[in-house]
Each structure stands twice: as C-alpha cells, then as structure tokens.
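Enquirer: So the protein sequences, as listed, match chains Z and F. Just so you know, the first sequence maps onto residues 8 to 194 in our numbering. Just so you know, the second sequence maps onto residues 8 to 194 in our numbering. Quick one: the structure is below, questions incoming.
There are 2 protein chains.
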Amino acid sequence: MTNRDRLLESARVLLWDRGYVGTSPAAIQQHANAGQGSMYHHFDGKRGLAIEALTAATQDMRRRAEATFGGSAPALDRVIAYLRLERDALRGCAVGRMALDPDVVTDEALRRPVEEFFSWLTERLRQLLDEAHRSGQIAPHLVPGDVSAALVATIQGSYVLARARQDPRVMTASIDGIVALLTHQEG
Amino acid sequence: MTNRDRLLESARVLLWDRGYVGTSPAAIQQHANAGQGSMYHHFDGKRGLAIEALTAATQDMRRRAEATFGGSAPALDRVIAYLRLERDALRGCAVGRMALDPDVVTDEALRRPVEEFFSWLTERLRQLLDEAHRSGQIAPHLVPGDVSAALVATIQGSYVLARARQDPRVMTASIDGIVALLTHQEG
DNA sequence: GTCTATATACCGATAGAC
DNA sequence: GTCTATCGGTATATAGAC
Chain Z
8 MTNRDRLLES ARVLLWDRGY VGTSPAAIQQ HANAGQGSMY HHFDGKRGLA
58 IEALTAATQD MRRRAEATFG GSAPALDRVI AYLRLERDAL RGCAVGRMAL
108 DPDVVTDEAL RRPVEEFFSW LTERLRQLLD EAHRSGQIAP HLVPGDVSAA
158 LVATIQGSYV LARARQDPRV MTASIDGIVA LLTHQEG
Chain F
8 MTNRDRLLES ARVLLWDRGY VGTSPAAIQQ HANAGQGSMY HHFDGKRGLA
58 IEALTAATQD MRRRAEATFG GSAPALDRVI AYLRLERDAL RGCAVGRMAL
108 DPDVVTDEAL RRPVEEFFSW LTERLRQLLD EAHRSGQIAP HLVPGDVSAA
158 LVATIQGSYV LARARQDPRV MTASIDGIVA LLTHQEG
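Following this line, the structure appears as structure tokens:
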C-alpha cells in the first residue's frame, strides 16, 4: 500500500470517527505513518484530502446498497433487506455525520458527495417502493417519495439515538418499528 | 441580562450551530460581549459552561414537547401533533447534533443531558402510543416501544437529510411519510 | 516523494491588577 | 466581577534540503 493510499484510508477513518472539524492533518499523518511533506505532496491540504476520502467512502456505501437492491425478490423485501443490513450503531454513519458538520455543509465541494449519496439512496428506495405500491405490497395511500425519505431518515436518526444513549439496541428497536409500520398495512 | 446569562445563551447558540468541538471559548466570549476573565469566573471552563448550556437547552425542549403531549385529544393525535411541530430543518437539532460529537459522547457529564432528553422523549411517546394501541388507534401488531424509537429517529434523521441536501422540504417529506405510515393502518 | 524546519494563527486556561 | 497579559500546546500550511 502506498503512502497516498494509506493517507486516504486514514482520512476516511478519522473523518468517520471525529468529523471534519475534529480531524487534524497531523492526526491523519500519524495514523497513516506518513510525514507532513508526503501528505501535502499528494493532496491539496486537509480539504482536498477530505473531498477525495469522502467521495471514495460514498462510492463504497453505494456499492453495498446496490448489492442489496438488486436481485429478484419482491420490491418490498429488498427495501426491508436494506433496512436490516448490519450497521455499527455506536460508531455512526460515515456520510451522515458529515451533514451535521458546520464546515462541511457550508462548503459546496465537501458537501457534494454527501448530498449525492443521500439523493441517490432516497431515489433508489423510492423506485422500489413505487414497485411495491403498484403490486399492492404497500397501502395505496402511501406516497413512495415520502416513505423513502422517512426510511432513510429513520436509519440516520437511529445512529443519533444509539450514540446519545450509548446503546446499540436503540437502533434495533427503531428499525423494528419502521419495518412493522411498513408491513402488514392491512393489520 | 447579566454577563453570566449572556455567556450561557451564547454557548447555547454556538453549540447548536457548530457543535462542541467546533466551538471555542473565545467565540463564546465575543458573541456574549464578555471577556476571558468573566467567563472563567462564572464557569468551570468550556466544558462546565457547555454542560450548563446543554442542560438548559434540553429542559426547554422538554417543556415544548410536554405542551404538545398534554391536552385531551386522542393519544395518536397528540403524537402526530408533536411530529408536525415546526422545526428549523437546516439548522438541525440542538440536542441531536451533540450525539455525533466525539468529545461529547465520550464525556459522561456532557452526554448525560443528551441521553436523558432522548430517553424521556422516547418513553413519553411510547406511553401515548400505548394508549393509542389500547384504544385501537394503531394496528395491533405494532410494538409501542419500537414505534416510538422509530418516530424520534425519523425526526432526527430528517435534520441530517435536510442539511445534507440543503433543502428543508426533505424534512417535510420524511414527516409526511412517517405520519402516513402511522395512520390509516387499515388502508 | 519524503523529510525537517519554520511560520502564523488559534486553542483552552491561568495570573494578577483593578 | 471584569480586564489584560501571558502561557504551552496545537492547527494548517509552506520552504527547502535530500
């Protein structure tokens, strides 16, 4: 693994755990076992490195989701499979945490990968819910676009609650709750 | 308003907007129009001030929620009224943002008000859902404890999504989605 | 490509005068 | 109670040797 790769990977880990404001170039260099010069040679400062690291992270998460969305199971089953993916509740979401960082939200280039990931995810779920809607798997009065937003929000909020209470079971409960609301619409 | 009060209020605003890691004592002093000496006279450093400010913030939010939970309307209507309270989607939740801050989560005293607020809120909603459950306002297969966690998570996640996309309508959509899932369980 | 040295600013806190 | 002065440490980046 090259110095450049290790710097990218370290940035990713530290951004995940401490956010953008809470991550210093020195910390990244230490974690990657690289010097100042190396980092500033390969990247355009903390910001440039963060943009690259964040973009890579969202692409990976997208691939993981895509793997769950594909397949031949009924649409609603695939939605539920995504909701039930294993997640590290106490660590939080690498993408979602960026959305609450003041320096990320006010920087277009830094925010772009975050925005694009959530836009894509919500739209993808909406398509599946639309299919479930047409085939009668979910109640007629449900608006797929609204429900897909609610599902993504529930996942993101579960991370917040689990961390606030330092108890991963809160995430399990939230997901169980939303899955129950989504299924057996006819009682 | 005394210097002490202004320092508390300023801390509250800045913690809300920039989080704990992103808020410096100097910034608080400037915002409050107070000097270094004044701040360190009244409070036990940044941490002590943050604990007080955060505790005050959660108490206010609790009062606001309590006002919505009371009344004589059917339980489910009160739950929905809380979900539909006006919120500043792009600013985020003053309590929720703390849960993603690394220095808050690892500090028992700083995390306590955050944990207590969410524990209280989830339990309060669970009680109302329990009532709605007994009176047949929500489907029998729903577990009040799970649904209440999902509702709080949806609100918190809506803030994340709205900020990520810099569009307050995402919060509206999420709330509409969860309300739709919660109502008309019989189609 | 990587290193060390250096620069300017800010961090969080303390000291002591008034 | 409030002020200014000061502290040791870190944040982010640049310079220039190798």
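Glycine is no exception: its CB is placed at the ideal position from the N, C-alpha and C atoms.
(1) Going along chain F, which residues have a C-beta under 8 Å from Gln163 of chain Z?
(2) Determine the extent of the alpha helix (DSSP H) in which Phe203 of chain F is found, giving its start and end residues.
(3) Is Val121 of chain Z near Ala180 of chain F, with beta carbons less than 7 Å apart?
(4) Taking CB distances under 7 Å as the criterion, tell me whether Arg94 of chain Z reaches chain F.
(5) At a CB-CB cut-off below 7 Å, which residues of chain F make contact with Ser31 of chain Z?
(6) Could you confirm whether any beta carbon from chain Z is found closer than 7 Å to the beta carbon of His38 of chain F?
(7) Quick check on DSSP: helix, strand or coil for Gly194 of chain Z?
(8) Among Z:Pro81, Z:Thr9, Z:Tyr89 and Z:Asp84, which has the Cα closest to the Cα of Glu73 of chain Z?
(9) Pro109 of chain Z CB to nearest chain F CB: under 7 Å?
(10) Using the Cβ count rule (16 or more neighbours within 10 Å means buried), how would you classify Met8 of chain Z?
(11) Mind the definition here: the region 91–109 of chain Z touches the region 154–169 of chain Z only if three or more C-beta pairs lie below 8 Å; say whether that holds.
(12) What is the DSSP secondary structure of Met105 of chain Z, reduced to helix, strand or coil?
(13) List, in chain order, every chain Z residue whose beta-carbon is nearer than 7 Å to that of His140 of chain F.
(14) Is the CB-CB distance between Thr65 of chain F and Val112 of chain F below 7 Å?
(15) Mind reading off the beta-carbon distance from Asp108 of chain Z to Gly26 of chain Z? Whole number of angstroms is fine, and I expect it under 8 Å.
(16) Please look up how many angstroms separate the CB atoms of Leu158 of chain F and Met105 of chain F, rounded, as I've assumed it's under 8 Å.
(17) Using the beta-carbon of each residue, which ones in chain F are nearer than 9 Å to Asp24 of chain Z?
(18) If you measure from the beta carbon of Ser79 of chain Z to each beta carbon in chain F, is any gap under 7 Å?
Expert: The structure says:
(1) Within chain F, the C-beta atoms nearer than 8 Å to that of Gln163 of chain Z come from Ala160, Gln163, Gly164, Val167 and Leu168, in chain order.
(2) Because chain F is modelled from 8 through 194, residue 203 of chain F falls outside the range shown and cannot be assessed.
(3) The Cβ atoms of Val121 of chain Z and Ala180 of chain F lie no closer than 7 Å to each other.
(4) No, no contact with chain F.
(5) The premise fails here: Ser31 of chain Z is roughly 11 Å from chain F at the closest Cβ pair, so nothing lies under 7 Å.
(6) False, the Cβ-Cβ gap to chain Z never drops below 7 Å.
(7) In this predicted model, Gly194 of chain Z has a pLDDT of only 42, less than 50, meaning its place in the structure is not dependable enough to derive any value.
(8) Z:Tyr89
(9) yes
(10) Met8 of chain Z comes out exposed.
(11) yes
(12) DSSP places Met105 of chain Z in helix when its eight states are reduced to three.
(13) The contacting residues do not exist; His140 of chain F stays about 12 Å from chain Z at best.
(14) no
(15) Your pair Asp108 of chain Z and Gly26 of chain Z checks out as a contact, with CB atoms roughly 5 Å apart and the cut at 8 Å.
(16) The Cβ separation is near 20 Å, so there is no contact.
(17) Taking a Cβ-Cβ cut-off of 9 Å, the neighbours of Asp24 of chain Z in chain F comprise Pro109, given in sequence order.
(18) no
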